[in-house]
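Encoded as structure tokens, the structure appears first; notes follow it.
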Amino acid sequence: MDTWSLVVRHKRIKAIPKRTVESRKGSYLLKVAGYSLYEGIGAGSCISSPVFTIGRYNWIIDYYPDGDTTGAEHFALFIIVPTSNVKDLAVKYNFTVLAHDGKSSSNNEYPTEIVTNIHEHPKYYLKKKTLEASKFLKGDSFRIRFTIEIIKEGPLEKTMHYSRDDEVTASNLSLVSLLETGEGADVSFIVGEDIIHAHKYILAARSPVFKAQFFGPMEGKKKGSIEVKDMDASIFEAMLHFIYSDSESLPVFDEVEGNRPATVALAQHLLVAADMYGLERLKRVCEKKLYEFLDVDNLATTLALAVQHYCSDLKDACMHFVKAPYVLGAVALAEEFEHMITIYPTFFKELRQLNTAAEPY
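If you count the sequence shown from 1, position 150 lands on 146 in the numbering used here, and the numbers rise without skipping.
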């Protein structure tokens, strides 16, 4: 039987693996242990569940022990989709208080609710006196089953506007065939176990780093092939494909289409390569791809990358995404969060400044 892993003020109390339900309908069992311990936490203060997945969407349940408003005689439960890239999603919710034998009846099953605007978070209220006098509170704990069914899906769209939008015009000149055939190549790169042939003038025309390497003060001091360290051959080849084609449509992304983690990892590695060789347009392509796929699972690594490689727009997007308390609580559970803090030690200071300047959430 699953127990709810509580996150109080973004500190981990217990941990369980994130649950994933592959179908478009699934259930999540919430067990609140130590019911009386949370009395007095204060109206409007919530405890967030870990992220769980139903369909291809992440969800969080926020539990308000003293209600969401001052003087409330009930506690509140909100269901939230912790991402801003959802639009036109209609969802059917069902909420059932379970007896400790796992059984339910019509007396403790709440009416099914259909929400057509996913950003209108479903809210459930239960009077404290009713729960405390019932058979459902036993051993200072109670359990609730949430059933979530996705009944309509539309296109995904970020609610924030990404400011860098194709401000550099792409060239119509494609030289990919030269890269593929190696015809006229005059430089070779050793990348891992692979040898990749290319053309100095084409690389130098697109990359200031290659230009300095081939025609700057170091020209002629290195003979033979050039060894590329700390980069996979597939990433180097994808970078060269961009240089030769100057197109945002990179085949390497098509190869991982539908695989969210692989797409994010690819965009992250390509961004590092683009920054290394001064390819600002490719860097922006990768920033936009990471923004498109930003979620609680990859936010820590993406934010660390944005800070390390001076991606100001991507960093701002991450900070706006994480400023919601339920998102921060989920992100703080990620293994990468501690590493992100070492890269970005002023994270909490800047987050407080952002929340202070913003309107109340």
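For glycine and all other residues, C-beta sits at the position ideal for the given N, C-alpha and C.
Limits of the unbroken beta strand (DSSP E) element including residue i
i: T297; result: No beta strand (DSSP E) holds T297; the alpha helix (DSSP H) holding it covers 295 to 304.
i: S23; result: 21 to 29
i: S184; result: 183 to 187
Three-state class that DSSP yields for residue i in the structure shown
i: A194; result: strand
i: V87; result: strand
i: D58; result: strand
i: T338; result: helix
i: L169; result: Low per-residue confidence applies at L169: pLDDT is 48, beneath 50, and the placement is therefore not dependable, though the value from the model is reported in the following sentence. It is coil, neither helix nor strand.
i: S44; result: strand
i: K279; result: helix
i: E346; result: helix
i: V77; result: coil
i: E223; result: strand
i: F138; result: strand
i: E332; result: helix
i: A95; result: coil
i: K284; result: helix
i: T177; result: helix
i: A68; result: coil
Beta-carbon spacing of residue i, residue j below 7 Å
i: F333; j: A296; result: yes
i: S290; j: F317; result: According to the sequence displayed, residue 290 carries Leu and not Ser. Against a cut-off of 7 Å, the Cβ pair of F317 and L290 comes out as a contact.
i: I57; j: S45; result: yes
i: L94; j: R141; result: yes
i: I50; j: P118; result: no
i: E69; j: K123; result: yes
i: A258; j: L246; result: no
i: T274; j: P204; result: Reading off the sequence shown, one finds Gly at residue 274, where the question assumed Thr. The answer is yes: Cβ separation under 7 Å.
i: T143; j: S32; result: no
i: E244; j: V281; result: yes
Contacting residues, own chain, Cβ-Cβ under 6 Å from residue i (five flanking each side not counted)
i: V187; result: V224, A229, F232
i: Y120; result: L73, F91
i: R202; result: I239
i: Q264; result: L301
i: T342; result: none
i: D226; result: none
i: E283; result: C307, L310
i: S221; result: S184, I186
i: K207; result: A200
Residue i: first and last residue of the uninterrupted alpha helix (DSSP H) it sits in
i: A258; result: 256 to 272
i: T126; result: 124 to 128
i: I364; result: Residue coverage of the chain in this structure runs from -3 to 357, which leaves residue 364 outside it and unanswerable.
i: S308; result: 308 to 318
i: E251; result: 247 to 251
i: F211; result: 204 to 211
Same chain, Cβ closer than 8 Å to residue i, five either side skipped, listed in chain order
i: L169; result: Summary for L169: the model assigns pLDDT 48, below 50, so the residue's position carries little reliability, and this model does not support an answer.
i: Q304; result: I339
i: V252; result: A258, T259, L262
Chain-order list of residues whose beta-carbon lies under 7 Å from that of residue i (same chain, five-residue window excluded)
i: A302; result: L310, K311, C314
i: H157; result: Here the model assigns H157 a pLDDT of 43, short of 50, so the residue's position is not dependable, and the following value carries that caveat. Within the same chain, H157 has no close Cβ partners at all.
i: V327; result: V292, L295, A296, V318, F333
i: G63; result: A39, H70, F71, A72
CB contact check: residue i to chain B, cutoff 7 Å
i: L310; result: Of the protein chains in the structure, only one exists, and it is not chain B.
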